[in-house]
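Here's the structure, in structure tokens; my notes come after.
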Amino acid sequence: MSKDGRTWLSHTSLEVLERCPRCFWLQIKKGIRQPEGIVSRLANRFDAVLKNYFDKYRTQNTLPPMVEGKLPGKLQNPFVEKYF
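When we follow the working numbering, the leftmost residue of the sequence shown carries the number 1, and every step to the right adds one.
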């Protein structure tokens with residue numbers, strides 16, 4: 001709630017209202033937010049594990065054992081900007 005007493009609603013807040021009116025009330029009136037779901041944490045952790053695995057081979061300029069000899073090429077840095 002803002003200083004002037006008005007409540008600001010986001011798209012996400014309205015989704016909470018639609019999904020669980022009690023959760024919405026707790027969030028708006030008491031400031032109690034829903035806990036983060038395990039699904040999003042699991043996906044983030046899985047992404048971090050894969051990134052670390054491939055980064056190790058990227059710095060060595062080699063392919064991981066699972067693809068070495070099966071695929072030609074090398075791992076590139078996905079964050080290097082290319083100008084055409």
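Think of the CB as a built atom: it goes at the ideal place given N, C-alpha and C, for glycine as much as any other residue. In this text the structure is predicted, and so the values were computed from the model without any measurement.
Backbone CA spacing between residue i and residue j [nearest angstrom]
i, j, result
"GLU85", "GLY5", "A question about residue 85 goes unanswered here, because the residues of the chain that appear run from 1 up to 84."
"ASN77", "ARG41", "25 Å"
"ASP55", "MET66", "14 Å"
"PRO72", "PRO35", "45 Å"
Bounding residues of the alpha helix (DSSP H) (the contiguous stretch that carries residue i)
i, result
"HIS17", "In the sequence as displayed, the identity of residue 17 is Leu instead of His. Where LEU17 is concerned, the enclosing alpha helix (DSSP H) stretches over 11-19."
Beta carbon of residue i nearer than 8 Å to that of residue j
i, j, result
"TYR57", "LEU75", "yes"
"PHE24", "SER10", "no"
Nearest residue (CA-CA) to residue i, options the options
i, options, result
"TRP8", "GLU15, PRO21, ILE28", "ILE28"
"LYS30", "LYS70, ARG22, GLY69", "ARG22"
"PHE79", "LYS51, PRO64, THR62", "LYS51"
Test: residue i CB closer than 8 Å to a CB of chain D
i, result
"ARG22", "No chain D is present in this structure, which holds just one protein chain."
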